[in-house]
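**Q** Under full-length UniProt numbering, the first residue of the sequence shown is numbered 1, with each subsequent residue one higher. Heads up, the beta-carbon is just placed ideally off N, CA and C, and yes, glycines get one too. These numbers were taken from a predicted model, which means no experiment stands behind them.
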Amino acid sequence: MIGTISAWLWWDRLWLPGNLTWADLEDEEGLVYARASHLYATVPFALVFLVVRYLFERLIAAPLAASIGITENPRYKVEHNAVLDHYFSTKSKHPRQADIDGLCKKCSYSNRQVERWFRRRRNQDRPGVLKKFREKPWFHNLREMWNGYPRQSMLESQYCYYIVEMSFYLSLVLRITFDVKRKDFKEQIVHHWATLTLLAFSWCGNYIRVGTLVMLIHDSSDILLESAKIFNYAKWKRTCNGIFVVFAAVFIGTRLIIFPFWIIHCTWVYPPDYYPPFFGYYFFNLMLVILLMLHIFWAYLILRMVKMFVFGSLTKDERSDNEEDEETSVTEDNDGHVKVTNGCGAGGGANHH
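Quick look at the structure:
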């Protein structure tokens, strides 16, 4: 019985185009493909996230908020040397010992100085996280996402990104019943499960490239939301409002413009040019459309909040049903009605969306 269910669940036609089987995606020398078994790692990582979040909220967040300083390790710029620059650019970034000896004579450098120059020159060109995405052709040319699909090997950075992202969302699902329930509680559950399903399916179906861009788009606005929350709790109202307006603009730009008109267009229009549509093609796009509908719902709430605090009428987080604040001020208007006010429009914002 279990074998029958497993055979049906992993039937080639559900996951892959008609002319391919799982045997075509066996690992080869130098090429590693995504496997469903890799996702087992998300369970312990999700538990680790829960523990880390618990400890962070109680032991680190407060003192860190009081005095935080993040500095990047300095990278030494090498002094210009025409001979070494030419060798570095045209021959090799890792010279052999015999070549180093020859370069020492040409430059009047010691052996150690030449080795240090090449080490610093390599570090100077080492890309940051965003550049690692930009240097891939499918980052700026979306048709490249389907070039060679599904025989697309997995990058180590993509593996780490997926495992961390899925572990994080799994930790949210495990914790959501203990968090403060808001008006969009059901939407949050749908969002988290849809995201996990989308990530797991894109992993198993080797939609790794498009999945990477989807995650990047969704993560881009989160830091602004969390920053607005911090300033709201610190009662820096003007700073909070300014960041929240930027967050709203980024949220709408990425999730209501880039996401549907670039990403969904790419997953819906381009694939039939490379292979005939199959179940995985329709299922993957259905999950993306579900996320888009949730984005529209949250964008509506965000725009209402922006409108309210711009015109000075925001009294609470649009999504809050039962969250109370000891610092909330209570006053009476001219008609004797009670009016509750509580600072910045970011209040709770759209949490982790």
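1) Taking the alpha helix (DSSP H) that glutamate 226 belongs to, which residues open and close that run?
2) CB phenylalanine 49 to CB serine 171, shorter than 8 Å?
3) For a quick check, are the C-beta atoms of glycine 205 and phenylalanine 284 less than 8 Å apart?
4) On the criterion of 16 or more Cβ atoms from any shown chain inside 10 Å, does threonine 195 qualify as buried, or is it exposed?
5) What separation, rounded to the nearest whole angstrom, lies between the Cα atoms of cysteine 240 and isoleucine 230?
6) What's the gap between the Cα of tryptophan 138 and the Cα of arginine 209?
7) Contact between the segment 216-234 and the segment 186-193 is defined here as three or more beta-carbon pairs at a separation below 8 Å; is this criterion met?
8) Can you tell me whether leucine 130 is helix, strand or coil according to DSSP?
9) Can the beta-carbon of leucine 224 be found closer than 8 Å to that of glycine 211?
10) Give a yes or no on whether the C-beta atoms belonging to alanine 249 and leucine 303 are separated by under 8 Å.
11) Measuring straight from C-alpha to C-alpha, what distance separates phenylalanine 168 and phenylalanine 45?
12) Can you find a heavy atom of the ligand ADP that lies under 7 Å from the Cβ of phenylalanine 88?
13) Please confirm whether tyrosine 275 has its beta-carbon closer than 8 Å to some beta-carbon of chain B.
14) Give me the Cα-Cα distance between leucine 294 and phenylalanine 279, rounded to the nearest whole angstrom.
15) Would you mind giving the Cβ-Cβ distance between isoleucine 252 and alanine 228, rounded to the nearest angstrom? I have them listed as a contact below 8 Å.
16) Assuming proline 137 is part of the alpha helix (DSSP H), what are its boundary residues?
17) Whose C-beta lies closer than 8 Å to the C-beta of valine 289 among residues of the same chain, with five residues either side of it excluded?
18) Is it right to say histidine 80 is buried, meaning 16 or more other beta carbons lie within 10 angstroms of its own, or is it exposed?
19) For the alpha helix (DSSP H) that contains threonine 195, what are its first and last residues?
20) Apart from the five residues just before and just after methionine 166, which ones in its own chain have a Cβ nearer than 6 Å to its Cβ?
21) Could you check which residue in Val190, Lys77, Lys93 and Tyr162 has the C-alpha nearest to that of leucine 291?
22) Between which two residues does the alpha helix (DSSP H) carrying glutamine 97 extend?
23) Between the C-alpha atoms of tryptophan 298 and methionine 308, what's the straight-line distance to the nearest angstrom?
24) Which value, in whole angstroms, describes the spacing of the CA atoms of lysine 246 and asparagine 232?
**A** Judging by the given coordinates:
1) 222-233 is the extent of the alpha helix (DSSP H) around glutamate 226.
2) yes
3) yes
4) buried
5) 8 Å
6) 8 Å
7) no
8) Legend: pLDDT at leucine 130 = 44, less than 50; position of this residue unreliable, no value from coordinates given.
9) no
10) no
11) 8 Å
12) Among the components modelled here there is no ligand, and therefore nothing to report on the ligand ADP.
13) Chain labels in this structure do not include chain B; a single protein chain is all it has.
14) 23 Å
15) Not a contact, Cβ separation roughly 15 Å.
16) 137-140
17) Ile264
18) Counting Cβ neighbours within 10 Å, histidine 80 comes out exposed, since fewer than 16 surround it.
19) 185-204
20) Thr42 and Leu199
21) Ranking Val190, Lys77, Lys93 and Tyr162 by CA distance to the CA of leucine 291 puts Val190 first.
22) 97-107
23) 15 Å
24) Per the sequence presented here, residue 246 reads as valine, with lysine not at that position. If you take the alpha carbons of valine 246 and asparagine 232, they lie about 15 Å apart.
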